[in-house]
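Below is one structure, written out as structure tokens; the observations come after it.
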Amino acid sequence: MPMSARGIFGRKTKRGGTRWVSLLLGVGIVLVTGTVLADVVLTYTLNNSVGSSNTSPFEWEEGTNYAAASSLSIVSNTCNPSNMGATNPTNCFALSMTVNGVSYVPTTVADAVHFQWLATSATVATSVGTGVLSVVTTANTLPAGSCAWAFISNGALTATSFTYTAGTPCSVSAAAPASVYTACGASTAATASVNLLTGAVNGAVTCSIAKATAAGSALDISYFVYVPGGAVAPQGVASLYLSPVLS
18 MPMSARGIFG RKTKRGGTRW VSLLLGVGIV LVTGTVLADV VLTYTLNNSV GSSNTSPFEW
78 EEGTNYAAAS SLSIVSNTCN PSNMGATNPT NCFALSMTVN GVSYVPTTVA DAVHFQWLAT
138 SATVATSVGT GVLSVVTTAN TLPAGSCAWA FISNGALTAT SFTYTAGTPC SVSAAAPASV
198 YTACGASTAA TASVNLLTGA VNGAVTCSIA KATAAGSALD ISYFVYVPGG AVAPQGVASL
258 YLSPVLS
């Protein structure tokens, strides 16, 4: 039986307008196996200016829509065993994330993972966002009209945040969140896009965290992937690196 999940959806574009439709997720309607788009790797590293022995004040955590997307084999997380001793999304300091695209179906996962402030120190402040982001691209050969995007926001995005434009390649933009996360203080609500096929970053996002700020989400990572024709072999696309410096 078809079902839909908030923040995970498909979209079709018609001449003269755009029509939003729920991604059909019933068994036998969309088969995910064999239609993998790419392996998208997120690696978080901490450059700590106040001493390398300090405990990291950040971790990766599952986002609001991770569980639903994971149950459909659209996304999966693996934490760095050298940091964690086990693959577990709780207290995850180095994350590899695989994003699977369904052939012919534009698929968006809003709020896939959080970059979480742990408030492990009440004496330091920091700022994270695209200013500490680096992107490493990998050669790929996707069908014409394909696209793969990641979105970084300092507040929550929803299914209605995204605008898809057909083309070769296609493109997607995302609105700013309605409000910033509490941990980000007076930061301006913003969303930046990362083209995972080219490595290009558009927009800027900042989350300025003051001293003694309570634990909470700082950044969200969301995804959009689309392969317009046929299954393709798994392949790597751009990797994202967040390297905040404490002050």
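Residue numbers (my numbering): 18 to 264.
By construction, the Cβ of each residue, glycine as well, lies at the ideal position given by its N, Cα and C atoms.
- The beta-carbon separation of Cys224 and Ala200, rounded to 7 Å, stays under the 8 Å limit for a contact.
- Contact between the segment 190-200 and the segment 144-156 is absent: fewer than three C-beta pairs spanning the two stretches fall below 8 Å.
- Across the set Asn212, Gly233, Cys109 and Ala221, the C-alpha of Asn212 shows the shortest separation from the C-alpha of Tyr243.
- By the Cβ neighbour-count rule, Ala227 is exposed, with fewer than 16 other Cβ atoms within 10 Å of its own.
- Under the DSSP assignment, Tyr83 falls in the alpha helix (DSSP H) whose first and last residues are Tyr83 to Ser88.
- Here Ser178 has Ala191 and Ala192 as same chain residues with Cβ atoms under 6 Å from its own Cβ, once five neighbours each way along the sequence are excluded.
- With 16 or more other Cβ atoms inside 10 Å of its own Cβ, Thr124 counts as buried.
- No residue range can be given for Leu63, since it is assigned to no beta strand (DSSP E) and is classified by DSSP as neither H nor E.
- In this structure, Val149 places its C-beta atom within 9 Å of the C-beta atom of Val262.
- Ala161 counts as exposed, since fewer than 16 other beta carbons sit within 10 angstroms of its beta carbon.
- DSSP places Val141 in the coil class of the three-state scheme, outside both helix and strand.
- A check of alpha carbon separations from Ser120 across Ala209, Cys164 and Ser188 identifies Cys164 as the nearest.
- Taking 4 residues as the shortest admissible run, the segment 141-198 contains no complete alpha helix (DSSP H) segment at all.
- Of all alpha-carbon atoms in Ala167, Val116 and Ala173, the one lying nearest the alpha-carbon of Gln133 is that of Ala173.
- For Ala209, the secondary structure class from DSSP, reduced to helix, strand or coil, is strand.
- For Ala139, the CB contacts under 8 Å within the same chain, skipping 5 residues up- and downstream, are Lys228 and Ala229 in chain order.
- At a Cβ-Cβ threshold of 9 Å, Glu79 and Val141 do not count as neighbours.
- As a beta-bridge residue in DSSP terms, Gln133 pairs with Glu76 and Ser234.
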